[in-house]
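J.: Chains as they are written, first to last, in my numbering: chain D, 180 to 362; chain A, 11 to 806.
I'd like to ask you about the structure that follows.
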Amino acid sequence: MCNDKICFSGDLTAKEEVRLKINGKWYEFRVGIDIEPQATLAYLLREKLGLTGTKVSCDTGECGACTVLVDGKATLSCMTIALSVDGHEVTTVEGLAEDDPVVMAFSHQCEHGYGTAMQCGYCTPGFVMSAKSLLNENPDPTEEEIRHALSGNLCRCGTYPAVLRAVQHVAEDLRNEREGAKR
Amino acid sequence: MMEEKKNLFTPRVPRKYIGQYRPRPDGYEKASGIAKFAEDMTLKRQFPDMLYMKILKSPYPHAKIKSVDTSKAEALPGVVGILKYNDPEVAVMKMTNGSWTDGTGTFDKKRAFGAGIEDRKVLGDHAHWVGDEIGVAIAAETIETAEEALKLVEVEWEVLPFVLTVEDSKKPGAPILHPEINAESNWAPSTDFSGPDTYVDRGDVEKAFAEADVVLETEWKYGNAQQCALDYWNCMVDWARDGQIIVISDSYAANQTRTHFHCMLDVPLSQIRVISPYEGGNHGRGDTGEQPFFLVTALMAKKTRRPVKYHQTRKEHFHDTQSSMEGKVKIGAMKDGAITAIEMNNYGNNGAYCDCGIASVKFVPKEWSELTPGRIPNLKFSGNAIYTNILPSSCMRSIGNVQANYIIELAMDMMAEKLNIDPIELAIQNLTCHNVPAPNPCVEGVIRAGAKEIGWENRHPAGKGEWIAGSKKRGMGFAVNNVWHTENHEFRRGPTQVMIKLNHDGTVILDAPTVEAGGGSNGCAVNACAETLGVCPEDVRWISVQDTQTGLKDQVQTDSAVSFILSEAVHQCALDLKSKLLEKVGRKLDRKPEELDIEEGRVFVKGQPEIGMTIKEYYDSVDLFTEDFLVPLTSYYAREISDEDFGTAYMANFVEVEVDTETGEVKVLKMVVASDGGTVLYPPGAEGQLIGGQCQGLGEGLYEQIIYDDATGIPLNFNFVDYHFPTMADFPEIEAIPMEIYKGRGEFGCSGMGESAPCCTPRAISNAVYNAIGVRINSTPITPMKVLEALGKEGE
Chain D
180 MCNDKICFSG DLTAKEEVRL KINGKWYEFR VGIDIEPQAT LAYLLREKLG
230 LTGTKVSCDT GECGACTVLV DGKATLSCMT IALSVDGHEV TTVEGLAEDD
280 PVVMAFSHQC EHGYGTAMQC GYCTPGFVMS AKSLLNENPD PTEEEIRHAL
330 SGNLCRCGTY PAVLRAVQHV AEDLRNEREG AKR
Chain A
11 MMEEKKNLFT PRVPRKYIGQ YRPRPDGYEK ASGIAKFAED MTLKRQFPDM
61 LYMKILKSPY PHAKIKSVDT SKAEALPGVV GILKYNDPEV AVMKMTNGSW
111 TDGTGTFDKK RAFGAGIEDR KVLGDHAHWV GDEIGVAIAA ETIETAEEAL
161 KLVEVEWEVL PFVLTVEDSK KPGAPILHPE INAESNWAPS TDFSGPDTYV
211 DRGDVEKAFA EADVVLETEW KYGNAQQCAL DYWNCMVDWA RDGQIIVISD
261 SYAANQTRTH FHCMLDVPLS QIRVISPYEG GNHGRGDTGE QPFFLVTALM
311 AKKTRRPVKY HQTRKEHFHD TQSSMEGKVK IGAMKDGAIT AIEMNNYGNN
361 GAYCDCGIAS VKFVPKEWSE LTPGRIPNLK FSGNAIYTNI LPSSCMRSIG
411 NVQANYIIEL AMDMMAEKLN IDPIELAIQN LTCHNVPAPN PCVEGVIRAG
461 AKEIGWENRH PAGKGEWIAG SKKRGMGFAV NNVWHTENHE FRRGPTQVMI
511 KLNHDGTVIL DAPTVEAGGG SNGCAVNACA ETLGVCPEDV RWISVQDTQT
561 GLKDQVQTDS AVSFILSEAV HQCALDLKSK LLEKVGRKLD RKPEELDIEE
611 GRVFVKGQPE IGMTIKEYYD SVDLFTEDFL VPLTSYYARE ISDEDFGTAY
661 MANFVEVEVD TETGEVKVLK MVVASDGGTV LYPPGAEGQL IGGQCQGLGE
711 GLYEQIIYDD ATGIPLNFNF VDYHFPTMAD FPEIEAIPME IYKGRGEFGC
761 SGMGESAPCC TPRAISNAVY NAIGVRINST PITPMKVLEA LGKEGE
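Right, dumping it as structure tokens:
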């Protein structure tokens, strides 16, 4: 099983300047001066903007640690050429609300039987962003759907059951909110 | 509402924070991306003059450099520094090894673990595996330039014959890989630490086998999984003109890294500052912490007088591996189930360097022989580690205890079947530590708890289960082992140092120094501090960045001992601080300290809780001109490690599998792990360790192996696609049962839990596969191909 996350396949034609909206703010980079044309989105976020919540672990699209949202969809930033994202909107873990429900669910996960939703924490922002993407598209996922959507995020500490549980908690809260709104 | 799992944990002593289910103290920091790892603290934007360094890698499994020509690389714009094996500052470097210390110690090299097996040359000229970093290092303004420059280096190689396996390496005429260590053969030499090749010899096994009712013998082979920490090794070193060296690294040891630099570069300790923040997973790779690349980076920083960063790619991070082993095991028993003798031999594939190879083969099985088969009257263990031209051998979640368990629990499972005794009863009857007679309540406790949870009573005889969907068979397997470690194993660390500072607003700074790599020692220490001092855990700030210049000696994250040795010291330190505080507040309230207590940051009179004041109220009211306003109120405590032997704790693993006899696929349906922690300081962390350990053990048992091309010695799967470890899609139902049966020294008297969490899993899976199909597969990982071969279906 693999997940559906891919690199962002935007316009790759040569350009002199890239404009990106990152975490709600527009940035401009001169290609060849501020960034090289082959620079990845992960490089731009970390090295140019210091947004180190986005981790790079494999740098070849195998582990999901670098996952960010491009136009709301989970995207592997290590596999995405920065200039292809010209004109698009990028959200990193730093761009989420302080009390973002997914961040809070991962932080708080500690009920008996599952462990915590992170140990070393290196993969955690990537999981958070993949979960954001999943819940954006499908606010009420089944266990199978969650496992599928997050199967491209590797966790060597093996926190998977707690991650699954945390995402289920967010989905449950969303469900309760919807039902509350109906009433 | 989502259904809750049933609670399988009951603390022996109910406490307010210790033993309770609470969020991790670093949970928000990590989930929100705020937590900084070394890689995040060493960006070019933070150090604009930083250089990137790459090291030449051998394309051959065994070769020597005859000459190098770096002139083209030197001419490449952006190249700033080049170091070569024959540069004077490189050539004078002492020989070293990748693991002096087993991590726990912070002493000099000559007193350490690997003394006598110094087989690594820093940036040497002799390559021992494909990927060995040798010969030339280049620092440049960008990584790309450094990589490009390396391609321009012209190397004249003397390609040498190579060996990949134990079998080939021990043949007469095999190339000698480390003549500086052993000129005669590739076997590792006996040192003070490793001892002779027959490293356990208890009783008389020959006599016992002759007298036994049943004697069984088999061969086995254990694989070579890799740690795969997501946070690849990296370091940045600045060696300034004033002689101060600053190191920022993701090594799991700040003080040990400092000692490494001190010993190898002859620089005073005061001149070396090592900064270690969070580490993105360790899983044993840190036990080869004394890696030459640190030293090469330092030499380059000295040469260029600029900060130099080295970091591995994912491929390069396949840098050391679990020690693969092979051998035989023989077991003898009487009809009543008394195991009278076990003889095993284990030959470890050291790979290119003996980082932890000897420890895996001899040191740990020797220690283990006192703890799990501790009362079996006749034991003989022999083995050694042999050099080959593959990845160096190291630790993975342990040094050799998963292998030891794999062997003994194979023999026990075979014997149980032969004697027609339930394997769990055979284990309870025979397995215990040297100073507790069987049945040991700690052994029996974890086995009975796990057996109940998996439904062990439903287990059928091997191969006798029903067919499911025409081609599938189910089976259950079990394995038991001592946990690692208890306090008496930790003497090499020296006393544990901690410090607590109470601020005048009632908040606390806790210096319980260790590099947090995921194990959750920080959560244990925070809860112990809050519990004993009487403050809220939320008000305790644990210092997460270790700094050898300003901090206390950090406890190296190894042995699964840090959580409890820190927490015991924190408890003592908090008692001291509490008594100081109560004395002061007592003066204010006109009460004796013993009349007072603290809860949630408020001091009150026992029995009259309405009389009291918060810590903040106290400090707001004290006279600034008196010593009462000595803030922060600070206590330092150093707790000795004791060698008092309280026996040990145990863990038991139960697995149910379903084997598809058509495809050979093994699917794990359910795993149960019951593990005794003495006191479970932080249950969500403990359960996380146990569950995560099953995920790792699942990988070791079924999927994970490094594959080499026999013809060239080239490793073929150094990436996360071809080297598959379990994902979200793979994990089965896992039940973790933390228990409190054992009691060691101290307030909590814990044993470790995390390191041993996967150590029974591969064996339990293997026994379950046997129970399903009735044919043994005595090597890991159990791939579909091996299952089909075992069933006689290969080539179908």
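Backbone N, C-alpha and C define an ideal beta-carbon position, used for all residues, glycine too.
Beta-carbon of Met-180 (chain D) versus every beta-carbon of chain A: anything under 8 angstroms?
T.: Residue mapping note: residue 180 (chain D) aligns to position 1 of the first sequence, counting from 1. Annotation note: pLDDT 31 at Met-180 (chain D) (below 50); position unreliable, coordinate value reported separately. By this cut-off, Met-180 (chain D) is an interface position.
J.: Is the Cβ-Cβ distance between Ala-244 (chain D) and Leu-240 (chain A) less than 8 angstroms?
T.: Residue numbering aside, residue 244 (chain D) sits at position 65 when the first sequence is read from its first letter. Residue numbering aside, residue 240 (chain A) sits at position 230 when the second sequence is read from its first letter. The answer is yes: Cβ separation under 8 angstroms.
J.: Is it buried or exposed for Lys-40 (chain A), if we count other Cβ within 10 angstroms and need 16 for buried?
T.: The count along the second sequence starts at 1 and reaches residue 40 (chain A) at position 30. Flag for Lys-40 (chain A) reads buried.
J.: Give me the chain D residues within the contact set of Ala-239 (chain A), using Cβ-Cβ distance strictly less than 7 angstroms, ordered along the chain.
T.: Here residue 239 (chain A) is taken as the residue at index 229 of the second sequence, counted from 1. Within 7 angstroms Cβ-Cβ: Arg-335.
J.: What are the boundary residues of the alpha helix (DSSP H) that Ser-312 (chain D) is part of?
T.: Here the question's residue 312 (chain D) lines up with position 133 in the first sequence. Its alpha helix (DSSP H) spans residues 303-316.
J.: Note down, in chain order, all residues in the stretch 282-302 of chain A with a beta-carbon under 9 angstroms from any beta-carbon belonging to chain D.
T.: Listed by position, the residues of the stretch 282-302 of chain A near chain D (Cβ gap below 9 angstroms) are Tyr-288, Glu-289, Gly-290, Gly-291, Asn-292 and His-293.
J.: Please list the residues of the stretch 285-305 of chain D that have a C-beta atom closer than 8 angstroms to any C-beta atom in chain A, keeping them in chain order.
T.: Hits within the stretch, in order: Phe-285, Ser-286, His-287, Gln-288, Cys-289, Glu-290, His-291, Gly-292, Tyr-293, Gly-294, Thr-295, Ala-296, Met-297, Gln-298, Cys-299, Gly-300, Tyr-301, Cys-302, Thr-303 and Pro-304.
J.: CB-CB under 8 angstroms to Ile-792 (chain A), same chain, minus the five flanking residues each way: which ones, in chain order?
T.: On the second sequence, residue 792 (chain A) is found 782 positions in, with the first residue counted as 1. Excluding residues within five positions, the ones whose Cβ falls inside 8 angstroms are Val-676, Gly-711, Leu-712, Ile-775, Ser-776 and Val-779.
J.: Indicate whether Ile-144 (chain A) and Tyr-95 (chain A) have their beta-carbon atoms separated by less than 8 angstroms.
T.: On the second sequence, position 134 is the one that residue 144 (chain A) refers to. On the second sequence, position 85 is the one that residue 95 (chain A) refers to. Yes, the Cβ-Cβ distance between Ile-144 (chain A) and Tyr-95 (chain A) is below 8 angstroms.
J.: At the 8 angstroms Cβ level, is Lys-26 (chain A) part of the contact set with chain C, yes or no?
T.: The question asks about chain C, but that chain is absent: this structure's protein chains are D and A.
J.: Can you tell which of D:Cys-299, D:Lys-194 and D:Leu-314 has its C-alpha closest to the C-alpha of Arg-354 (chain D)?
T.: As a working mapping, residue 354 (chain D) is identified with position 175 in the first sequence. For Arg-354 (chain D), the nearest C-alpha among the options comes from D:Leu-314.
J.: Can you find a C-beta in chain A that's less than 8 angstroms from the C-beta of Tyr-339 (chain D)?
T.: Counted from its first residue, the first sequence places residue 339 (chain D) at position 160. It does: the Cβ of Tyr-339 (chain D) has a partner Cβ on chain A nearer than 8 angstroms.
J.: To the nearest angstrom, how far is it from the Cα of Pro-451 (chain A) to the Cα of Lys-796 (chain A)?
T.: Translated into the one-based positions of the second sequence, residue 451 (chain A) becomes position 441. Translated into the one-based positions of the second sequence, residue 796 (chain A) becomes position 786. Roughly 38 angstroms between the two C-alpha positions.
J.: Apart from the five residues just before and just after Asn-317 (chain D), which ones in its own chain have a Cβ nearer than 7 angstroms to its Cβ?
T.: Here residue 317 (chain D) is taken as the residue at index 138 of the first sequence, counted from 1. Glu-324.
J.: Can you say whether Asn-430 (chain A) is buried or exposed, counting buried as having 16 or more other CB atoms within 10 angstroms of its CB?
T.: Along the second sequence, read from residue 1 onward, the residue named residue 430 (chain A) stands at position 420. It is exposed - the Cβ of Asn-430 (chain A) has fewer than 16 other Cβ atoms within 10 Å.
J.: Among all the DSSP beta bridges, which residues are the ones paired with Leu-248 (chain D)?
T.: Your numbering for residue 248 (chain D) matches position 69 in the first sequence. According to DSSP, which records beta bridges pairwise, Leu-248 (chain D) is partnered with D:Ala-253 and D:Thr-270.
J.: Going by the DSSP bridge assignment, what does Pro-58 (chain A) pair with across the sheet?
T.: Within the second sequence, the letter at position 48 stands for residue 58 (chain A). In DSSP, Pro-58 (chain A) forms no bridge with anything.
J.: Which term fits Thr-192 (chain D), buried or exposed, when burial requires 16 or more other beta carbons within 10 angstroms of its beta carbon?
T.: Numbered from its first residue, the first sequence carries residue 192 (chain D) at position 13. Under this definition Thr-192 (chain D) is an exposed residue.
J.: State buried or exposed for Asp-552 (chain A), treating a residue as buried only when at least 16 other CB atoms are found within 10 Å of its CB.
T.: Locating residue 552 (chain A) in the second sequence gives position 542, counting from the first residue. The amino acid occupying residue 552 (chain A) in the given sequence is Trp; Asp does not appear at that position. Buried: at least 16 other Cβ atoms inside 10 Å.
J.: Give a yes or no on whether the minimum CB-CB distance between Gly-312 (chain D) and chain A is below 8 angstroms.
T.: Here residue 312 (chain D) corresponds to residue number 133 of the first sequence, with the count starting at 1. The sequence given here has Ser at residue 312 (chain D), not Gly. Not one chain A Cβ lies under 8 angstroms of Ser-312 (chain D).
J.: Using a Cβ-Cβ distance cut-off of 8 angstroms, determine whether Leu-329 (chain D) contacts chain A.
T.: Here residue 329 (chain D) corresponds to residue number 150 of the first sequence, with the count starting at 1. Yes - at least one Cβ of chain A is within 8 angstroms of the one on Leu-329 (chain D).
J.: Compare the C-beta of Ile-717 (chain A) against all C-beta atoms of chain D and say whether one is closer than 8 angstroms.
T.: Residue mapping note: residue 717 (chain A) aligns to position 707 of the second sequence, counting from 1. No, no contact with chain D.
J.: Does Arg-407 (chain A) get closer than 8 angstroms to chain D when you measure Cβ to Cβ?
T.: As a first step, residue 407 (chain A) is located in the second sequence; it is residue number 397 there, counting from the start. Not closer than 8 angstroms to any Cβ of chain D, the Cβ of Arg-407 (chain A) fails to qualify, so no.
J.: Measure the alpha-carbon distance for Ile-510 (chain A) versus Pro-523 (chain A) and round it to whole angstroms.
T.: Within the second sequence, residue 510 (chain A) is the residue found at index 500, counting from 1. Within the second sequence, residue 523 (chain A) is the residue found at index 513, counting from 1. Those two C-alpha atoms are separated by around 11 angstroms.
J.: Does the structure place the stretch 289-307 of chain D close enough to the stretch 26-39 of chain A that three or more beta carbon pairs sit under 8 angstroms?
T.: As far as the Cβ criterion goes, the stretch 26-39 of chain A touches the stretch 289-307 of chain D, which means the pair count is three or higher.
J.: Quick check: what's the CA-CA separation for Arg-601 (chain A) versus Asp-653 (chain A)?
T.: Locating residue 601 (chain A) in the second sequence gives position 591, counting from the first residue. Locating residue 653 (chain A) in the second sequence gives position 643, counting from the first residue. When rounded, the distance between both Cα atoms is 41 angstroms.
J.: Please specify which runs of the alpha helix (DSSP H), each continuous and at least 4 residues long, are wholly inside the stretch 461-546 of chain A, giving them in chain order.
T.: With a minimum length of 4 residues, the continuous alpha helix (DSSP H) runs that stay inside the stretch 461-546 of chain A are 531-543.
J.: Taking Cβ-Cβ distances shorter than 8 angstroms, what residues in chain A pair up with Glu-195 (chain D)?
T.: As a position in the first sequence, residue 195 (chain D) is number 16, starting the count at 1. Neighbours of Glu-195 (chain D) on chain A: none; closest Cβ ~21 angstroms, over 8 angstroms.
J.: Are Glu-289 (chain A) and Tyr-262 (chain A) touching if we call contact CB-CB under 8 angstroms?
T.: On the second sequence, residue 289 (chain A) is found 279 positions in, with the first residue counted as 1. On the second sequence, residue 262 (chain A) is found 252 positions in, with the first residue counted as 1. Yes, the Cβ-Cβ distance between Glu-289 (chain A) and Tyr-262 (chain A) is below 8 angstroms.
J.: Could you compute how far the alpha carbon of Leu-255 (chain D) sits from the alpha carbon of Gly-754 (chain A)?
T.: Locating residue 255 (chain D) in the first sequence gives position 76, where the first residue counts as 1. Locating residue 754 (chain A) in the second sequence gives position 744, where the first residue counts as 1. Cα to Cα, the separation comes out at about 48 angstroms.
J.: Less than 8 angstroms between C-beta atoms, sequence neighbours within five positions excluded: which residues of the same chain meet that for Leu-275 (chain D)?
T.: Numbered from its first residue, the first sequence carries residue 275 (chain D) at position 96. The answer, listed in chain order, is Val-281, Val-282, Val-307 and Lys-311.
J.: Identify the residues that DSSP records as bridge partners of Cys-245 (chain A): which are they?
T.: As a position in the second sequence, residue 245 (chain A) is number 235, starting the count at 1. BP columns for Cys-245 (chain A) point to A:Ser-259 and A:Tyr-320.
J.: Determine whether the Cβ of Asp-521 (chain A) lies closer than 8 angstroms to any Cβ atom of chain D.
T.: Residue numbering aside, residue 521 (chain A) sits at position 511 when the second sequence is read from its first letter. So no, Asp-521 (chain A) is outside the interface.
J.: Does any C-beta atom of chain D lie closer than 8 angstroms to the C-beta of Gly-141 (chain A)?
T.: Locating residue 141 (chain A) in the second sequence gives position 131, counting from the first residue. No, Gly-141 (chain A) lies away from the interface with chain D (no Cβ there is under 8 angstroms from its Cβ).
J.: Classify Ser-531 (chain A): buried if its beta carbon has 16 or more other beta carbons within 10 angstroms, exposed otherwise.
T.: The residue you call residue 531 (chain A) lines up with position 521 of the second sequence. The residue is buried, with at least 16 neighbouring Cβ atoms inside 10 Å.
J.: Rank A:Met-424, A:Ile-621 and A:Ala-395 by C-alpha distance to the C-alpha of Asn-788 (chain A) and give the top, closest one.
T.: Locating residue 788 (chain A) in the second sequence gives position 778, counting from the first residue. Of the candidates A:Met-424, A:Ile-621 and A:Ala-395, the one whose C-alpha sits nearest the C-alpha of Asn-788 (chain A) is A:Met-424.
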